[in-house]
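Read in the working numbering, the first sequence has 39 at position 27, and its numbers run on one by one without any break. All C-beta atoms, glycine included, are put in the ideal place defined by N, C-alpha and C.
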Amino acid sequence: MAQKPSIPKGTRDFPPEVMLRREFILDTIRSVYKKYGYQPIETPAMENLSVLTGKYGDEGDRLIFKILNSGDFLKKAQHLDDAQKLAPEIAEKALRYDLTVPFARFVVMNQNEINFPFKRYQIQAVWRGDRPQKGRYREFFQCDADVVGSDSLIFEAEFISIYDEALSKLGLKDFSIRISNRKILNGYAEAVGQSEKFQDICTAIDKLDKVGESGVKKELLERELPEAAADQLLQMITFAGSNDEKLAYLEKLFEKSESGKKGIAEMREVFAFHKQMESFRGTIDFDLTLARGLTYYTGTIYEVVTNEVQMGSICGGGRYDNLTGVFGKPGLSGVGISFGVDRIYDVLMELNLFDERVMDGIQVMLINFGGESLMTSLKVLSSLRQAGISSEIYPDEAKLKKQFTYANRKNAAFTLAIGDDELSTGKYQLKDMISGEQQALSLEEILARLKE
RNA sequence: GUGGUUAUAGCUCAGUUGGUUAGAGCACCAGAUUGUGGUUCUGGGGGUCGUGGGUUCAAAUCCCAUUAGCCACCCCA
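Written out as structure tokens, the structure reads:
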């Protein structure tokens with residue numbers, strides 16, 4: 013036997029039954045994005061390497077998939093003994109690592125044509141040279157919506173509704189939208205007199221879910237925070253109460269922190285805007301421990317978790333100032349969110365929430381009897397299709413058992429048999445493949461029945 | 001980058017202290033059923049046991065190496 017083919021580590025094939033479910037998820041999210049006024053864009057799978065490097069930190073740069081130059085790429089190489097320096101010499105292009113940086117690049121390149129504030133959504137694959145493991149792949153889809161060029165917190169409030177509506181439409185019933193603000197985290201740092209340790213504090217707090225209070229304290233100490241500051245910090249972030257109580261609590265703590273006060277004001281405004289938006293199903297959880305690892309967030313931050321299954325966050329997002337600054341256009345603020353398609357898929361599977369209709373195959377399959385029957389069948393097939401009914405004909409005059417088995421596997425709702433008998437009567441045998449019932453109907457009757 | 005674990009049919013996996021011709025379920029093909037699928041029954045095809053080397057009269061089984069997958073950590077979605 014020839015060597016078995018395989019696909020690269022961390023990549024996946026999606027067979028039809030998986031794709032139908034994935035498309036259901038993507039279509040649902042897409043329709044909500046559109047409804048809120050977001051417009052689609054796509055960017056190339058590959059970017060110039062220089063566009064990507066330096067945007068994701070040292071760790072991120074290592075995980076960028078580089079594309080080898082064509083031709084005699086070694087001729088131009090200078091640093092054959094240093095992989096770090098050699099890479100940009102032999103690879104000028106790389107696969108996109110996320111959708112946000114290419115979006116920033118897009119905005120800068122098209123700034124004269126764009127109508128700001130620019131609201132765009134983008135659903136495309138991204139690639140990371142990570143070690144794959146459960147729920148983590150080297151190729152996966154991101155599903156982003158961002159608005160750039162406005163500081164208005166209306167968008168923040170709207171994103172809560174977008175999360176809520178999309179997840180509800182997908183069938184989730186119990187989920188929490190966690191929200192906080194990077195300025196509040198800044199407030200913590202200032203309140204404990206450690207503002208220069210801001211990033212370390214964020215990274216440590218972000219792990220509270222996983223490692224617990226003692227783990228966070230350990231991490232803070234490892235990152236050289238004084239013990240008193242660490243304790244004080246833990247006390248702040250573990251305060252329990254309603255969203256309003258939390259805001260009031262922090263307000264006192266942040267009396268001397270401009271950043272902290274700003275964060276609270278922003279939170280209040282987002283809540284006030286959102287209060288005007290109706291039919292909210294999830295819960296908004298002002299989460300004092302929410303931090304998010306990504307360094308570019310500067311304002312509101314989001315994370316969504318489902319309470320129905322054990323799973324990490326299924327959505328994330330936040331506001332970032334000056335995203336386009338690195339590409340030479342400072343002063344543009346943006347805010348965006350993302351749905352974790354793969355995780356949502358797993359959650360819906362586990363909860364058995366994929367509607368059966370998602371799996372529907374073709375509506376009608378015509379049986380092939382060959383000869384004159386086949387000619388009439390083709391004509392009927394064409395009529396069905398013109399009437400908007402998804403249909404196909406079995407390509408060969410095979411045994412009926414084989415043809416029906418095929419129809420069954422394909423999830424055909426009906427089969428239509430036009431044999432010699434039916435030719436003479438003009439009434440064709442339409443069989444309901446679920447109930448097994450079969451009746452002789454004219455073409456008009458069939459069309460009427462199937463259009464229901 | 002660090003650690004753990006696995007590798008046997010298309011898929012999921014059995015395979016005893018090394019011992020005849022390496023098995024099962026699912027899937028596939030055919031028949032029972034010449035114009036009717038899903039259920040059932042019967043039969044069939046399909047594997048140099050990841051790869052390379054070693055120990056042995058004898059290796060899927062023991063040893064070494066190697067490759068790949070999976071899982072966890074780091075980081076992240």
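ask   = Taking Cβ positions, are residue 237 and residue 209 nearer each other than 7 Å?
value = yes
Report buried or exposed for residue 228, applying the criterion of at least 16 other Cβ atoms within 10 angstroms of its Cβ.
buried
C-beta contact flag for residue 269 and residue 203 at 7 Å | yes
For residue 118, which residues in the same chain have their Cβ closer than 7 Å to its Cβ, ignoring the five residues on either side in sequence? 53, 55
TODO: Check whether the Cβ atoms of residue 312 and residue 193 sit closer than 7 Å, and answer yes or no.
DONE: yes
* Asked: From residue 347 to residue 23, what distance separates their C-alpha atoms?
  -> 30 Å
ask   = In three-state terms, what does DSSP make of residue 275?
value = helix
Check: Are the beta-carbon atoms belonging to residue 341 and residue 120 less than 7 Å from one another?
Finding: yes
Stretch pair the segment 367 to 384 + the segment 401 to 412: three plus CB contacts closer than 8 Å:
yes
**Asked** Count the other CB atoms within 10 Å of the CB of residue 88; is the residue buried (16 or more) or exposed (fewer)?
**Response** exposed
Here's the rule I'm using: 16 or more other beta-carbon atoms within 10 Å means buried, otherwise exposed. How should residue 336 be labelled? buried
**Request:** Would you give the residue range spanned by the alpha helix (DSSP H) that residue 385 belongs to?
**Result:** 383 to 398
Q: Find the nearest neighbour of residue 331 within the set 58, 134, 154, 161, judged by alpha-carbon distance.
A: 161
State the Cα-Cα distance for the pair residue 191 and residue 223, rounded to the nearest angstrom.
-> 20 Å
Could I get the ranges of all uninterrupted beta strand (DSSP E) runs contained in the segment 135 to 200, with 3 residues as the minimum, in chain order? 151 to 160, 187 to 193
Query raised in the report: Name the DSSP bridge partner or partners of residue 106?
Result: 59, 78
| message | Here's the rule I'm using: 16 or more other beta-carbon atoms within 10 Å means buried, otherwise exposed. How should residue 112 be labelled? | response | buried
Assuming contact is defined by CB atoms lying nearer than 7 Å, are residue 350 and residue 329 in contact in what I supplied?
yes
Where residue 458 sits in the DSSP three-state scheme:
helix
Own chain partners of residue 14 with C-beta closer than 7 Å, once the 5 adjacent residues on each side are dropped:
Since pLDDT at residue 14 reaches only 43, below the 50 mark, its modelled position is unreliable, and the value read off the structure follows with that caveat. Excluding sequence neighbours, residue 14 sits near nothing in its chain.
In this structure, how does DSSP classify residue 249 when only helix, strand and coil are distinguished? helix
*Are the segment 405 to 416 and the segment 355 to 367 touching by the rule of at least three beta carbon pairs closer than 8 Å?*
no
Inset, instruction - Hey, could you find the ends of the beta strand (DSSP E) residue 349 is sitting in? - result: 345 to 351
Proximity of residue 153 and residue 107 at Cβ, strictly below 7 Å: no
Going by other Cβ atoms of all chains shown within 10 Å of its Cβ, with 16 needed for buried, is residue 148 buried or exposed? exposed
Just curious, the beta strand (DSSP E) that residue 115 is in, first and last residue? Per DSSP, residue 115 belongs to no beta strand (DSSP E); it is in the alpha helix (DSSP H), 112 to 121.
**Q.** Alpha-carbon to alpha-carbon, residue 333 and residue 310
**A.** 6 Å
Mind checking whether residue 40 and residue 182 have CB atoms under 7 Å apart? yes
Practice prompt. Name the residue from 303, 278, 266 whose alpha carbon lies nearest to the alpha carbon of residue 217.
Written response: 303
Q.
Please identify the residue among 72, 391, 261 whose C-alpha is closest to the C-alpha of residue 143.
A. 72
- prompt: Shortest alpha-carbon distance to residue 167 belongs to which of 131, 79, 176, 436?
  reply: 131
I need the boundaries of the beta strand (DSSP E) containing residue 450, first residue and last residue.
450 to 453
Report yes or no: do the segment 58 to 75 and the segment 95 to 105 share at least 3 C-beta pairs separated by less than 8 Å?
yes
Starting from residue 403, trace the beta strand (DSSP E) in both directions and tell me its first and last residue. 403 to 405
ask   = Does DSSP classify residue 18 as helix, strand or coil?
value = coil
Sequence-distant residues of its chain with Cβ nearer than 7 Å to residue 258 (five each side left out) = 251, 298, 300
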